[in-house]
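Residue numbering for the sequence shown follows the working numbering, beginning at 14 and increasing consecutively.
Glycine included, each C-beta is placed from N, C-alpha and C at the ideal position.
Here the structure is laid out as structure tokens; the discussion comes afterwards.
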Amino acid sequence: MLSCRMPNGSIRMRPKCWSGGMPGYNETTGNSGEIRKMQDSSMSILVARLWHESNGFNPKVTMGGDFQILKDEALLKTAASSGSTLSGMIAQLQLRNARVIASISAIAAPGGPVDHAFYEKIKARLIADAVLHKPDAIALELHGAMATTQLDDAEGDLLTSLRASVGSRTPIGIGLDLHAHVTPAMLEAVDICIACKENPHSDVVECGHKVADCLLAVLEGNLRPVMTMAKVPMILPGAAETASGPLFEIHEEARRLSDVDDAIWDISLFNVFRYADDTDIGQAAVVLTNDNSLSGEVATPLAQAFWRERDRFKDDLVSIDEALSRVAARRDQRPLVLADMGDRVLAGAPGDSTAILQASLQRADGLRGAIPVTDPESVKVAFEAGIDQPVSLQIGGKITPHFQPLSVRGRVIHLSDGDFVLAGPFQGGEPSALGPTATILVDERLHVVITTKPAFSHDPAVFTSQGVDIGSQDFIVVKSGYHFKLNFAGLAIPLLVRSPGVGYYTKGSLVYRNARFWPEHDITDLTVMTQAFRRDRFPSH
Numbered sequence: 014m015l016s017c018r019m020p021n022g023s024i025r026m027r028p029k030c031w032s033g034g035m036p037g038y039n040e041t042t043g044n045s046g047e048i049r050k051m052q053d054s055s056m057s058i059l060v061a062r063l064w065h066e067s068n069g070f071n072p073k074v075t076m077g078g079d080f081q082i083l084k085d086e087a088l089l090k091t092a093a094s095s096g097s098t099l100s101g102m103i104a105q106l107q108l109r110n111a112r113v114i115a116s117i118s119a120i121a122a123p124g125g126p127v128d129h130a131f132y133e134k135i136k137a138r139l140i141a142d143a144v145l146h147k148p149d150a151i152a153l154e155l156h157g158a159m160a161t162t163q164l165d166d167a168e169g170d171l172l173t174s175l176r177a178s179v180g181s182r183t184p185i186g187i188g189l190d191l192h193a194h195v196t197p198a199m200l201e202a203v204d205i206c207i208a209c210k211e212n213p214h215s216d217v218v219e220c221g222h223k224v225a226d227c228l229l230a231v232l233e234g235n236l237r238p239v240m241t242m243a244k245v246p247m248i249l250p251g252a253a254e255t256a257s258g259p260l261f262e263i264h265e266e267a268r269r270l271s272d273v274d275d276a277i278w279d280i281s282l283f284n285v286f287r288y289a290d291d292t293d294i295g296q297a298a299v300v301l302t303n304d305n306s307l308s309g310e311v312a313t314p315l316a317q318a319f320w321r322e323r324d325r326f327k328d329d330l331v332s333i334d335e336a337l338s339r340v341a342a343r344r345d346q347r348p349l350v351l352a353d354m355g356d357r358v359l360a361g362a363p364g365d366s367t368a369i370l371q372a373s374l375q376r377a378d379g380l381r382g383a384i385p386v387t388d389p390e391s392v393k394v395a396f397e398a399g400i401d402q403p404v405s406l407q408i409g410g411k412i413t414p415h416f417q418p419l420s421v422r423g424r425v426i427h428l429s430d431g432d433f434v435l436a437g438p439f440q441g442g443e444p445s446a447l448g449p450t451a452t453i454l455v456d457e458r459l460h461v462v463i464t465t466k467p468a469f470s471h472d473p474a475v476f477t478s479q480g481v482d483i484g485s486q487d488f489i490v491v492k493s494g495y496h497f498k499l500n501f502a503g504l505a506i507p508l509l510v511r512s513p514g515v516g517y518y519t520k521g522s523l524v525y526r527n528a529r530f531w532p533e534h535d536i537t538d539l540t541v542m543t544q545a546f547r548r549d550r551f552p553s554h
């Protein structure tokens, strides 16, 4: 049995369910003929995606029009060149000569809870496809922290309904974001649950590979999956990147445990989404083993490690004024990219903060910058005025509680429908939409990109698609905390900024009605909830 580590350092896939070219593995000869067996097969796998991270403190409902929808062959075509878990699933299934059946993909920028009627529509389409095609297995990319206007655990509801529709003998595998809020309802309904391991998410494609390979191993009879989840009632108030600090250490321990036990096929560590107000929020470890009832002995200590290291999870943020002063001190160098942590669209905030814009206007050093703001009303005014026309606007501050609009004067320099393609690498190749968008030049130096929809501004294409030359700016503001570091690499230097909004957690800043966790609540006695999930009926081929 070979034991290998994934190229990006995440927990390795075993050769028995991997054909992705890991060091030391011969794709031609395979492992005891198992890979060859699948290459000669005609297994059918239904693939789909429903991806949304729902911030319960964002009052703006995410509607169907906010989603990018792909169906059937269009889904396969887009996924062929995108950097997503869905892409990884499809590529690996095709490599293994499985027959891929495309259902539907619906993805939207994180935001407020999803309109329940739209969710029901997508769920119905997915279930109808599964019932119609009767696939040998189902592979789904989900975020894992989706809520609707009526459900706190949308993925749990989706998977429970899907399982009831296809029966107990069809394996279901899901690939999740590591910021998922994993629930018992989700795990009771599936056979395979795997998260990406890196933050920023540099390994989402590999996550898809692994889900696909494990599903095929179930169909081969080489994997009889048992999943064990251990959860502790806490969130990470900071230090959420996996390359250093306590998270790196815990992931290293997970890798070590996986390497010494051949029964372990995956260990996924979930940094629970901090803006879900559900009853059983907590840091979780999910261990996938092959017909092994001892996985709790691995999952529980890993969950306990989060608690043991809890006081080390702290971020090093700078104030807005300090960030702009750093920009001013290095204007002759590559621009700084400032993460507006409080208004992070990639944490479900509305993106309507003008705090950094306001601070920039109050300075006398003439800094040049680009700043996205969600404000459909101001977009409409700009379109009515037209290119090169002056406008007076009340920008932003219309969605996030306690924010106020900012009065500005500027000139309209760019108008568009807001459609563009993410440059990547995170989600590279995926279509995205800002809705009608206007770029306003304020004080002849600040490019304010006013969008109808919250912007996936972790990506430089948000700005370049709207006429902004990144290299000529002193700073760029993104509504992202981590993923922008991947996509702006080589273009700008990252800096995390302490700013107001519902996209960054500090104790007492948000009112939780249902969730109870450290450090928001005074929890002193640790309770580790450990539960095993196993379905005894598997297909035979």
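Is residue i helix, strand or coil when you go by DSSP?
| i | result |
| --- | --- |
| G309 | helix |
| R555 | This structure leaves residue 555 out entirely; the chain is present only between 14 and 554. |
| A186 | Note on identity: in this sequence residue 186 is Gly, with Ala being the wrong assignment. DSSP places G186 in strand when its eight states are reduced to three. |
| M159 | coil |
| R422 | strand |
| Q317 | helix |
| H192 | coil |
| K244 | strand |
| S271 | helix |
| V481 | coil |
| M56 | coil |
| P213 | coil |
| Q402 | coil |
| T519 | coil |
| G78 | helix |
| P197 | helix |
| G124 | strand |
Report buried or exposed for residue i, applying the criterion of at least 16 other Cβ atoms within 10 angstroms of its Cβ.
| i | result |
| --- | --- |
| G514 | buried |
| Q479 | buried |
| P13 | Nothing about residue 13 can be reported from this structure: the residues present for the chain run from 14 to 554 only. |
| L153 | buried |
| D216 | buried |
| K136 | buried |
| R357 | buried |
| K327 | exposed |
| R323 | buried |
| H222 | buried |
| H534 | exposed |
| D538 | exposed |
| Q296 | buried |
| T540 | exposed |
| R145 | Reading the sequence as shown, one finds Leu at residue 145 and not Arg. Flag for L145 reads exposed. |
| G484 | exposed |
With respect to the alpha helix (DSSP H) encompassing residue i, which residues constitute its N-terminal and C-terminal limits?
| i | result |
| --- | --- |
| E397 | 389–398 |
| A152 | Unbroken run through A152 is the beta strand (DSSP E), 150–155; no alpha helix (DSSP H). |
| N500 | 497–500 |
| T465 | No alpha helix (DSSP H) holds T465; DSSP gives it neither H nor E. |
| L374 | 368–374 |
| T98 | 98–108 |
| D85 | 85–92 |
Out of the options, state which residue places its alpha-carbon closest to the alpha-carbon of residue i.
| i | options | result |
| --- | --- | --- |
| F286 | H264, Q375, D401, A160 | A160 |
| I369 | K492, G186, A141 | K492 |
| N212 | A502, G494, D226, S470 | G494 |
| K411 | A451, A362, T173, A377 | A362 |
| R526 | G69, W64, H65 | G69 |
| P314 | L330, G169, T241, D291 | T241 |
| P414 | R376, D378, G364, I400 | G364 |
| T387 | F433, A352, I463, L330 | I463 |
| V311 | V113, V224, Y132, A545 | A545 |
| D204 | V273, D279, A243 | D279 |
If I measure Cβ to Cβ from residue i and keep anything under 6 angstroms in the same chain, skipping five residues before and after, which residues do I get?
| i | result |
| --- | --- |
| V455 | V421, G423, V461 |
| S405 | R422 |
| G258 | A252 |
| A193 | G157, A158, F283 |
Considering only residues of the same chain and omitting the five flanking positions on each side of residue i, which have a CB-CB separation below 8 angstroms?
| i | result |
| --- | --- |
| T162 | V74, P126, V127, D128, H129 |
| A93 | S100, I103, A104 |
Output needed for residue i: all residues of its chain with C-beta closer than 7 angstroms, excluding positions within five of it in sequence on either side, in chain order.
| i | result |
| --- | --- |
| P532 | P250, K520 |
| R344 | D487 |
| D290 | G69, Y525, R526, N527, A528 |
| N500 | A436, G437, P438, F439, H471, D472, P473 |
| M76 | D128, F131 |
| W320 | V245, M247, L539 |
From which residue to which residue does the beta strand (DSSP E) around residue i run?
| i | result |
| --- | --- |
| P444 | 444–446 |
| L351 | 349–353 |
Of all the CB atoms in chain E, is at least one closer than 8 angstroms to the CB of residue i?
| i | result |
| --- | --- |
| L236 | Within the model displayed, chain E is absent; a lone protein chain is all it includes. |
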